[in-house]
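Each remark here refers to the structure printed beneath this line.
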Amino acid sequence: MSEQETALDGPLTLGGRDFGSRLIVGTGKYANNEVMIDAIRASGAEMVTVAVRRVDLDRSKEEAILHHLDPDEFFLLANTAGCYTADEAVRYARLARAAGFNEWIKLEVIGDQATILPDVQATLEAAKTLADEGFKVMAYTNDDLITALRLEDAGCVSVMPLASPIGSGLGVVNPYFIREIKRRLEVPVIVDAGVGTASHAAVAMEQGVDGVLMNTALAAADDPVRMAHAMKHAVIAGRLAWLAGRMPSREIAVPSSPTRGMLD
Amino acid sequence: MSEQETALDGPLTLGGRDFGSRLIVGTGKYANNEVMIDAIRASGAEMVTVAVRRVDLDRSKEEAILHHLDPDEFFLLANTAGCYTADEAVRYARLARAAGFNEWIKLEVIGDQATILPDVQATLEAAKTLADEGFKVMAYTNDDLITALRLEDAGCVSVMPLASPIGSGLGVVNPYFIREIKRRLEVPVIVDAGVGTASHAAVAMEQGVDGVLMNTALAAADDPVRMAHAMKHAVIAGRLAWLAGRMPSREIAVPSSPTRGMLD
Amino acid sequence: MSEQETALDGPLTLGGRDFGSRLIVGTGKYANNEVMIDAIRASGAEMVTVAVRRVDLDRSKEEAILHHLDPDEFFLLANTAGCYTADEAVRYARLARAAGFNEWIKLEVIGDQATILPDVQATLEAAKTLADEGFKVMAYTNDDLITALRLEDAGCVSVMPLASPIGSGLGVVNPYFIREIKRRLEVPVIVDAGVGTASHAAVAMEQGVDGVLMNTALAAADDPVRMAHAMKHAVIAGRLAWLAGRMPSREIAVPSSPTRGMLD
Amino acid sequence: MSEQETALDGPLTLGGRDFGSRLIVGTGKYANNEVMIDAIRASGAEMVTVAVRRVDLDRSKEEAILHHLDPDEFFLLANTAGCYTADEAVRYARLARAAGFNEWIKLEVIGDQATILPDVQATLEAAKTLADEGFKVMAYTNDDLITALRLEDAGCVSVMPLASPIGSGLGVVNPYFIREIKRRLEVPVIVDAGVGTASHAAVAMEQGVDGVLMNTALAAADDPVRMAHAMKHAVIAGRLAWLAGRMPSREIAVPSSPTRGMLD
Amino acid sequence: MSGNDAIRVRLNGADREVAPDLTVRGLLESLDLRPELVVVERNREILDRKAYAHTPVEEGDTLELVHFVGGG
Amino acid sequence: MSGNDAIRVRLNGADREVAPDLTVRGLLESLDLRPELVVVERNREILDRKAYAHTPVEEGDTLELVHFVGGG
Amino acid sequence: MSGNDAIRVRLNGADREVAPDLTVRGLLESLDLRPELVVVERNREILDRKAYAHTPVEEGDTLELVHFVGGG
Amino acid sequence: MSGNDAIRVRLNGADREVAPDLTVRGLLESLDLRPELVVVERNREILDRKAYAHTPVEEGDTLELVHFVGGG
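Chains A, B, C, D, E, F, G and H are the protein sequences, given in the same order.
Residues 204 to 467 in our numbering are what the first sequence lists, from first letter to last.
Residues 204 to 467 in our numbering are what the second sequence lists, from first letter to last.
Residues 204 to 467 in our numbering are what the third sequence lists, from first letter to last.
Residues 204 to 467 in our numbering are what the fourth sequence lists, from first letter to last.
Residues 2 to 73 in our numbering are what the fifth sequence lists, from first letter to last.
Residues 2 to 73 in our numbering are what the sixth sequence lists, from first letter to last.
Residues 2 to 73 in our numbering are what the seventh sequence lists, from first letter to last.
Residues 2 to 73 in our numbering are what the eighth sequence lists, from first letter to last.
Structure, rendered in structure tokens:
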């Protein structure tokens with residue numbers, strides 16, 4: 204946003220840290236690293252997610268994201284993507300912290316390979332362990348309010364319900380649940396996964412949530428950089444619209460020009 | 204958009220004239236003129252609509268929009284709002300042109316007082332007359348493709364189907380029809396009426412249309428200026444997303460982090 | 204409906220004639236005539252539409268629908284499908300009447316080959332001519348209220364707005380417009396075209412309309428006869444639900460079991 | 204369904220028992236018991252839910268549902284509505300079984316008073332205990348696939364995801380999740396809670412589920428008995444439509460009358 | 002069919018030669034069509050079915066024979 | 002009711018005095034309740050309906066009398 | 002205003018008396034209106050702004066003075 | 002590489018022979034990996050990066066070398 208515009212909205216405060224952008228982006232699935240970097244810069248995101256994986260001993264150089272991503276330019280949020288148990292997720296989180304950048308973790312515990320939907324029970328269990336170990340846990344979850352409330356109780360710095368399944372691009376399928384979660388939680392709520400195009404991000408923000416996290420919507424667009432620009436604007440648009448308080452919708456039309464003063 | 208961003212999208216070209224913004228806004232129903240001006244400036248709109256009405260001989264000063272709106276700052280698009288016949292609309296258009304600013308007219312012929320829905324037959328008739336008289340006609344119509352095609356044949360410089368009834372704020376109720384109209388017409392298509400919040404504007408632009416016209420969504424928001432900022436971003440977001448080519452949506456999830464390289 | 208159930212709803216009265224079923228079905232596009240007859244019987248429809256075409260001088264026998272459809276069992280409603288001008292539609296209507304069954308006509312004037320959307324202007328023109336000639340005109344149109352009101356004024360015995368384009372199976376895309384048309388017209392409103400599955404027919408009837416006309420939803424189902432049964436139930440379901448007056452919907456949940464009397 | 208129609212669909216088999224109707228209804232919130240009985244009979248439901256509560260020692264007679272509901276006419280499904288812990292739910296289930304009708308239980312463990320959304324963790328825990336004790340558990344849950352799979356593993360005879368919150372009448376908000384749950388589970392899936400009108404029930408069945416359970420949609424309709432008839436038809440309609448295999452939906456129109464054989 | 006004495010008509014959009022001295026009824030019969038299922042438009046005028054028997058088919062006539070087919 | 006010889010029980014969440022030497026069956030009868038429609042939980046144990054007749058109601062008992070009511 | 006010499010006109014839908022020998026420009030000035038912001042329709046004919054100065058307001062004239070107001 | 006004096010370890014899920022008397026730091030260097038970009042888990046214990054230099058790689062060790070890659 205322009206300076207004048209930043210006056211219109213405060214920062215996104217997560218775990219005591221301020222972020223100028225409410226958009227968080229992933230670094231996966233890009234055609235190449237140049238496009239990735241350009242897209243991330245275009246998105247205006249300050250926080251970017253990375254995954255923890257074994258060094259591929261044959262072709263590590265190309266792989267290591269830090270050969271391309273400057274940790275001074277972006278705040279790294281490591282995830283536990285691919286983990287199917289609480290123990291596994293905790294192990295990955297500890298490895299991520301040992302990398303030495305920060306103690307933040309995007310907690311993700313999957314319950315089913317076909318849908319990559321979260322295992323909320325295991326997520327809750329891992330969240331408690333990690334919060335106790337001093338991690339700043341941002342927990343990916345489904346749109347269940349009860350689970351969201353417990354993740355907050357477990358000490359997560361943010362709860363991140365899905366808009367729809369990872370990589371589906373279906374957008375916010377259940378705005379009621381997202382809205383209810385936002386109403387009830389005190390920690391910031393970030394909509395994570397399912398956004399496919401700009402209007403989806405705007406719709407998500409219009410539910411009152413604090414931010415949006417996306418990856419495939421950028422990486423799998425025909426033109427990731429242009430889509431990244433679009434998403435930057437979409438998140439601001441949805442946020443400001445929510446802050447501005449939209450007009451009431453009604454089935455009956457209401458003229459926008461005066462009805463008085465017509466000629467004979 | 205920032206300079207860098209304007210490179211991402213061309214101007215909106217209407218009747219041989221370029222506009223830097225794809226957002227067109229009305230000037231009606233604002234609480235006061237100061238808010239109106241601030242909101243219009245915040246929206247980034249270059250083209251603004253005005254209505255033609257009798258001078259109220261008791262309190263004209265406050266009324267005349269040009270006491271507040273600088274015709275050098277904004278491109279004035281007079282409308283024929285409130286007209287119920289082709290003749291009446293033609294009369295208002297001529298009066299508007301006599302004001303001496305330009306020969307552009309937002310043609311609007313209403314067919315029903317309760318819904319303010321357009322009378323497409325009368326609109327078509329008036330469009331022909333006005334186009335023959337050298338007007339640059341931007342025709343407000345419903346989402347009927349057949350009518351849209353005929354308005355184009357009649358010589359309109361733009362066809363402007365509704366998203367939903369004027370002042371309803373229901374957004375794009377029938378994206379199929381809007382999309383089809385855009386696919387088939389050669390003149391620019393502007394979605395006019397029905398937008399209620401930012402995501403609606405983004406959805407409209409994501410159908411591929413060339414611009415959006417709105418009034419109540421700004422004037423009736425709790426904070427019109429903030430909503431104007433939101434709409435500016437929403438139109439850019441939807442436009443760039445459409446140009447970028449969104450990811451395909453699918454019901455089956457697809458991981459955004461690598462499935463290879465997990466630990467034992 | 205069972206006898207007991209018929210007490211729950213009156214007949215569909217069109218042009219002074221009562222029909223026991225609110226479902227009207229077409230006879231086109233079936234794999235074969237046996238399936239067509241079985242499906243129509245299963246649908247419970249009393250009124251069925253037929254098209255007027257040249258006798259194919261080589262293979263007429265198989266073609267003539269009346270070799271398969273008993274005009275004493277079903278009320279024939281000839282249509283003007285395929286006509287692109289008012290004159291053409293009037294010509295087809297007269298030919299249909301000359302067949303000697305009745306003076307009813309399903310008026311259909313198409314405005315565009317790709318979308319088969321109605322030409323409302325030509326439809327209106329033909330409706331006036333045919334009504335003056337004593338036809339009972341059931342006019343297929345789009346979901347524009349203004350056109351619907353004029354078709355009523357022109358003397359149509361029923362106005363039939365589309366749910367979505369013919370053969371699209373998208374269902375009721377714009378319930379607001381359908382609802383508004385029903386609210387404002389006095390002649391029966393039949394939703395015609397666009398229904399794809401049972402819930403679509405129920406949704407249509409829940410807008411308060413008097414009936415539904417469909418063809419492709421049955422003919423193009425994997426099992427037309429079973430789908431015909433489904434549609435019969437769907438139309439009754441939607442009708443009775445509308446008559447019954449649905450519960451209000453609310454975002455906040457309300458328990459259905461008593462909150463009192465819990466144990467300590 | 205008529206005899207002929209029952210041939211079109213098999214029975215709903217739950218826990219080794221066949222039910223002729225796929226509609227299960229509650230007995231709460233009716234204006235009076237006469238309306239309740241009439242509505243339940245009109246719905247054609249064979250299985251009805253009841254709640255377990257303390258005898259109100261002052262006015263028990265009116266309260267006891269069995270003074271009005273004949274257990275030989277309907278199959279009683281006691282629920283644990285109002286329970287907030289697994290232990291509480293288990294206690295209520297045992298009391299219900301001690302009533303001596305059957306060992307079936309509609310398991311419901313609530314996680315939040317404001318939304319009455321299920322506590323899936325506690326539900327899972329109680330489901331295991333009750334299944335081990337030989338109960339036939341029908342588990343009310345949210346639309347999370349992972350939880351649904353575990354409830355199946357726990358030995359539930361049916362898993363019952365919500366369409367939307369209890370008493371909301373919002374219908375099937377997330378058809379994707381409902382569909383996915385049905386795809387993956389082997390035990391029957393019943394959509395429970397959230398249905399508000401007939402088309403909602405049809406939509407639910409069109410996702411392929413085995414049945415629908417509702418209460419408020421009937422009890423809170425202006426005319427519960429008529430709405431009960433509507434729902435009976437809606438469930439059959441949705442079921443048969445799903446079995447019939449609906450036509451594909453497409454944005455492009457396809458004529459239903461022949462394009463050949465037009466006159467010159 | 003054809004012959005020196007045949008006459009030329011435009012029948013359902015195609016040029017055709019038919020026997021001379023044929024009535025519309027005769028034409029339908031020659032085409033094996035049941036009159037009660039067919040509507041005849043002759044030179045843009047719809048014929049009353051009762052007139053089939055005494056309406057001649059003449060050189061240069063434009064005839065349209067239509068009937069009901071399956072349609073939506 | 003009350004009296005020197007009455008005994009105190011907790012009945013459906015309320016303190017109550019009932020006659021001494023009363024069986025559960027007797028209690029239900031005294032409350033005008035049909036045993037076949039009521040389930041009795043005594044001190045957190047569910048009673049078999051057949052046991053109502055010979056199960057005494059004793060000083061300090063916590064009794065819950067439940068039944069089916071309308072619910073969704 | 003009024004007087005024996007006043008003339009009657011229909012002005013923006015209301016009957017009004019105005020001074021005689023008044024031009025359209027004079028009328029606008031008397032109404033305290035800025036000519037460049039007002040369009041004048043006289044007896045259903047739109048006046049060229051340049052004509053305001055020499056166009057008389059005459060008995061029985063129907064005048065419409067219009068301008069731009071806020072609209073959507 | 003291999004040799005009589007080589008030692009066997011489990012490295013990133015594969016059995017490998019490495020030189021004897023190698024430290025973790027040495028191992029990373031031999032693999033051409035920048036220590037500051039790699040996290041090492043040795044026999045299920047995460048090593049402090051400062052310990053790489055004096056932590057020996059021993060026969061039968063299970064080592065996991067991980068780093069950050071692109072992910073969502």
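Here a beta-carbon is modelled for each residue, glycine too, at the ideal position from N, C-alpha and C.
Owing to the predicted nature of the structure, the values given are computational and were not obtained by experimental measurement.
Taking C-beta atoms as the reference points, phenylalanine 69 of chain H and alanine 281 of chain A count as a pair closer than 8 Å.
DSSP, reduced to helix, strand and coil, places alanine 20 of chain H outside both helices and strands of the structure shown, so it counts as coil.
Note on geometry: alpha-carbon atoms of leucine 269 of chain C and glycine 372 of chain C lie some 28 Å from one another. Arginine 262 of chain A counts as exposed, since fewer than 16 other C-beta atoms from the protein chains shown sit within 10 angstroms of its C-beta.
Comparing alpha-carbon positions, the option among A:Glu409, A:Asp347, A:Ala437 lying closest to leucine 327 of chain A turns out to be A:Asp347. Secondary structure of alanine 267 of chain D (DSSP, three-state): coil. When Cβ-Cβ separations below 8 Å define contact, proline 391 of chain D makes no contact with chain E. Sequence-ordered contacts of the region 336-358 of chain D with chain A read Asn345, Asp346, Asp347, Leu348, Ile349, Thr350, Leu352, Arg353 [C-beta pairs closer than 9 Å]. Here methionine 250 of chain B carries a strand assignment [DSSP, helix/strand/coil].
Interface with chain B (8 Å Cβ-Cβ cutoff): glutamine 324 of chain C is included. Residues of chain B with a Cβ closer than 9 Å to the Cβ of glycine 247 of chain C do not exist; the shortest Cβ-Cβ separation is about 31 Å. Pairing leucine 466 of chain C with cysteine 286 of chain D, the inter-Cα distance amounts to about 10 Å. The three-state secondary structure of proline 214 of chain C, taken from DSSP, is coil.
Taking a 10 Å sphere around the C-beta of alanine 234 of chain C, we find fewer than 16 other C-beta atoms and assign the residue as exposed. DSSP places glutamate 454 of chain C outside both helix and strand once states are collapsed to three, so it counts as coil. It is roughly 56 Å from the alpha-carbon of glutamine 316 of chain C to the alpha-carbon of valine 10 of chain G. Interface annotation, threonine 400 of chain C: not in contact with chain B, CB-CB separation never under 8 Å. Under the Cβ criterion (8 Å, minimum of three pairs), the region 410-417 of chain D does not count as touching the region 16-28 of chain G.
Of all C-beta pairs linking the region 387-397 of chain B to the region 360-375 of chain B, three or more are shorter than 8 Å, placing the two stretches in contact.
Chain order gives the chain E residues near leucine 466 of chain D as Gly14, Glu42, Glu65, Val67, where near means a beta carbon separation below 8 Å. Scanning its chain for C-beta atoms nearer than 8 Å, with the 5 sequence neighbours on each side dropped, one finds around valine 428 of chain D the residues Val238, Asp241, Ala242, Ala245, in chain order. Residues of the same chain with a CB within less than 8 Å of the CB of leucine 352 of chain B, apart from the 5 flanking positions on each side, are Arg387, Leu388 in chain order.
Between the region 215-233 of chain A and the region 450-461 of chain A there are fewer than three C-beta pairs closer than 8 Å, too few to call the two in contact.
In terms of CA proximity to proline 36 of chain F, F:Tyr53 leads the group F:Glu65, F:Glu46, F:Tyr53, F:Arg45. The beta carbon of alanine 267 of chain B sits closer than 8 Å to some beta carbon of chain G. Within the region 27-57 of chain H, Leu32, Leu34, Leu38, Val39, Val40, Glu42, Ile47, Arg50 place their CB atoms closer than 7 Å to a CB of chain A, listed in sequence order. With contacts defined by Cβ atoms closer than 8 Å, phenylalanine 277 of chain C and glutamate 311 of chain C do not form a contacting pair. By the C-beta criterion, the region 326-343 of chain B is judged to be in contact with the region 288-298 of chain B, since at least 3 inter-stretch pairs fall below 8 Å. Closest by C-alpha distance to valine 457 of chain D, out of C:Ala267, C:Leu320, C:Val251, C:Ala302, is C:Leu320. What alanine 281 of chain B touches in chain G, judged by beta-carbon distance under 8 Å, is Phe69, going in chain order. Taking each of A:Gly229, A:Gly370, A:Val375, A:Met341 in turn and checking the Cα distance to valine 360 of chain A, the smallest one comes out for A:Met341. DSSP places glutamate 389 of chain B outside both helix and strand once states are collapsed to three, so it counts as coil.
For proline 364 of chain A, no alpha helix (DSSP H) segment is defined; the enclosing uninterrupted segment is the beta strand (DSSP E) at 361-364. In the DSSP secondary-structure assignment, tryptophan 307 of chain C is bridged to C:Lys339.
The beta carbon of glycine 303 of chain D falls within 8 Å of a beta carbon belonging to chain F, placing the residue at that interface.
Using a CB distance below 7 Å, the part of the region 393-426 of chain B facing chain A consists of Gly399, Thr400, Ala401, Ser402, Ala405, Val406, Glu409, Asn418, Thr419, Ala420, Ala423, Ala424, Asp425, Asp426, ordered along the chain.
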